[in-house]
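Chemist: Numbered by this note's numbering, the letters in the first sequence go through residues 0 to 562 in order.
Can you keep this structure in mind? I'll have questions shortly.
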Amino acid sequence: MSTNTELAKIFTAMATILEIKGESGFKVNATVKVARVLENLVEDIATVDKITDITGVGKSSATKIQEFIDTGSISSYEELRASIPQGLLEVMRVQGLGPKKVRQLWQEADVVDIASLRNAIDTGKLDNLPRMGKKTIENISESLNFIETTGNRTRIGIALPIAESIRGTLEQVSGVTNISIAGSIRRGKETIGDIDILASTFEPELLAKSFCELEDVATVFSHGETKCSVRLSSGMQVDLRVVDDNKFGSALLYFTGSKEHCVLLREIAISQDKKLNEYGLEPRNISETEEAIYADLGLPYLPPEIREDRGEGECKNTPTLVTTEDIQCDLHCHTLASDGKMTIKELAQEALRRGYHTIAVTDHSQSQPQANGLKPDRMLEHIESIRAVNESMKDITILAGSEVDILPDGSLDYDDDLLAMLDIVVASPHATLTQSTKESTKRLLLAIEHPLVHIIGHPTGRIINKRKGLEPDMPTLISAAKEHKTALEINANSYRLDLRDIHVRATVEAGGMLAINTDAHRAEDFDQLQYGILTGRRGWLTPKNCINCLEHDALQTWLVRNC
DNA sequence: GCCGTTTTCGGCCCGACTGTTTTCAGTCG
């Protein structure tokens, strides 16, 4: 785990412990903020000259961070950790339990972890506690069942289709005038905590009823006039908010978040003697559209994907972020030759159907036997087959390429003579993904510097919620990629989304090039593009930094630039 | 704990819903 990630976890834990101990909410918030800043930091915190120069990190936190860098631990954190049972941090994750109730459970019912909480419920130990009625205990018990069976946040590739389906169903309900997905799905985050739907309607009761009676609903948490919460049988929580039609913009802004972005906007409002909430921006009572609210605050329209309080408040103009319509080619796809399900021709026809001018066939190299990776002699035959199909199809260019393994020592899985015969080389790490930062940086650096490599495919090899992947020194890689004109891939597969958003942002700021590829194995995999686009947009990616947005001839020029 | 174009002290975003109360605390987003 990188130092930044480790420290972010420590500060998050510190904040939770402080909460349980009843410390000031402001102190808790400040600590949470330090954790967030560390999570979003691209460079290794150990390499930062003056830690207090980072906004949100003051003297006290900087001292703790420095202590961790020097010694590998933080004494005040260790003391804090020892002051409460460790299992209480887990208990805080139970829906409906906040710091006050957790403290009460601990001090008055000896609850120290999930198991003892379950036991306390089963033995009736909670029955006589103040403000702990039958319903509250029932709710805790139900949440406990849920946390015991699941846990992770949901990948956007799962959550977005569900959200779209719910939105589509509710849109048909009589009286609905406006309906939108909000929350972290609208912002395109790689994982989603719950689904937020915002609607306005002439018949709020009917909409709420329709929502709570959706086929997949397993539990109804709350069923109010303006807010309903349910859990689906899949475990996902869905919140529906109902607002007046003329307040839709301010409500959409509010419920899209992020929380940090909304705080930023309210602070900007306050500095202008205005007041912003989900009902609008006072004193001029602006609420109909998001655009009007941003305009009254003196800001350009900020797309949902960049609403993370990562500097968007400084924007003078709306950034021109990449869209799916800008994408003109896919440069990382598989066929039957390795582990894909399409022939070369089927792949090209699908690309044509999507309006692409170019498609790259990049099957696996020899070190991927489980994926039917091609030995050099098969690769040579495959190149011939690709050229033949390319000749036979008029309206699309089919590139003969390979997804070549970057071996653990940084060498490539084919020799240079073979690589030189290819139109495009995507070099990707697949195995030995537990290397140290030093080893993985060296490994990827060699591939970036290789003159025959065009793109580094899924640079870290992470699988969301499953595999951490490599943790190379990204600023070093980004700077080398710019220098050697090697593009870094955003693998659009929703399991991967690798590079992740903050590294895309760092690449864009460094002036480097990115690719957004679907890594398609079947025709429907092209639909994953939307997740890569969302990740790109979260990284402030513009079409001019994305090679998939190049016109046909410009792409050809880019491909031969180093050869 | 963090921050500063009135500030190095005194603020720090805000409203809905639930369950338990009988006027509101706690949680959530």
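Quick reminder that beta carbons are idealized off the backbone N, C-alpha and C, glycines included.
Confirm, please, whether the CB-CB distance from Thr317 to Pro299 is below 8 Å.
Modeler: yes
Chemist: Under three-state DSSP, which class holds His381?
Modeler: helix
Chemist: Shortest alpha-carbon distance to Asp414 belongs to which of Glu137, Glu202, Ser364, Leu143?
Modeler: Ser364
Chemist: What is the residue span of the beta strand (DSSP E) that Cys328 lies within?
Modeler: 328-332
Chemist: Return the residue from the list Glu107, Glu5, Asn177 that minimises the CA-CA distance to Ile64.
Modeler: Glu5
Chemist: Which residue spans inside the region 50-116 form an unbroken alpha helix (DSSP H) run of at least 4?
Modeler: Those alpha helix (DSSP H) runs which fall completely within the region 50-116 and span 4+ residues are 58-70, 74-81, 86-90, 98-108.
Chemist: Quick check on the burial criterion: 16 or more other C-beta atoms within 10 angstroms. Buried or exposed for Phe201?
Modeler: exposed
Chemist: Quick one: grab the DSSP three-state call for Thr288.
Modeler: coil
Chemist: What residue range does the beta strand (DSSP E) around Ser228 cover?
Modeler: 226-231
Chemist: If I follow the unbroken alpha helix (DSSP H) through His429, where does it start and stop?
Modeler: No alpha helix (DSSP H) contains His429, which DSSP labels as neither H nor E.
Chemist: Say whether the region 323-340 touches the region 295-310, bearing in mind that this needs 3 or more beta-carbon pairs closer than 8 Å, one atom from each stretch.
Modeler: Segments in contact, no.
Chemist: Would you check if the distance between the CB atom of Leu533 and the CB atom of Thr506 is smaller than 8 Å?
Modeler: no
Chemist: For Glu141, which three-state DSSP category applies?
Modeler: helix
Chemist: Can you tell which of Leu411, Arg461, Val424, His453 has its C-alpha closest to the C-alpha of Leu432?
Modeler: Arg461
Chemist: If you draw a straight line from the alpha carbon of Thr556 to that of Leu346, how long is it in whole angstroms?
Modeler: The alpha-carbon atoms of Thr556 and Leu346 are separated by roughly 23 Å.
Chemist: What are the uninterrupted segments assigned as alpha helix (DSSP H) that are 4 or more residues long and contained completely in the region 430-504, given in chain order?
Modeler: 436-448, 473-482
Chemist: Within 10 angstroms of the Cβ of Arg92, are there 16 or more other Cβ atoms? Answer buried if so, exposed if not.
Modeler: With fewer than 16 other Cβ atoms within 10 Å, it is exposed.
Chemist: Going by C-alpha distance, which of Gly312, Pro302, Thr225, Asp193 is nearest Lys208?
Modeler: Thr225
Chemist: Leaving aside the five residues before and after Glu271 along the sequence, list all residues of the same chain whose C-beta is less than 8 Å from its C-beta, in chain order.
Modeler: Inspection of the sequence shows that residue 271 is occupied by Gln rather than by Glu. Taken in chain order, the residues that qualify are Leu296, Gly297.
Chemist: Which value, in whole angstroms, describes the spacing of the CA atoms of Ala7 and Gly354?
Modeler: 43 Å
Chemist: Could you check which residue in Ala81, His331, Gly409, Val403 has the C-alpha nearest to that of Leu417?
Modeler: Val403
Chemist: Taking just the CA atoms, how far does Tyr278 sit from Phe247?
Modeler: 8 Å
Chemist: Can you tell me whether Asn492 sits near the ligand NAD, meaning its C-beta is under 7 Å from at least one heavy atom of the ligand?
Modeler: Summarising the ligand content, the structure contains no ligands, and the ligand NAD is consequently not present.
Chemist: Return the CA-CA distance between Ile343 and His483, expressed in angstroms with no decimal places.
Modeler: 30 Å
Chemist: My output table needs one value for Val388: the three-state DSSP class, helix, strand or coil.
Modeler: helix
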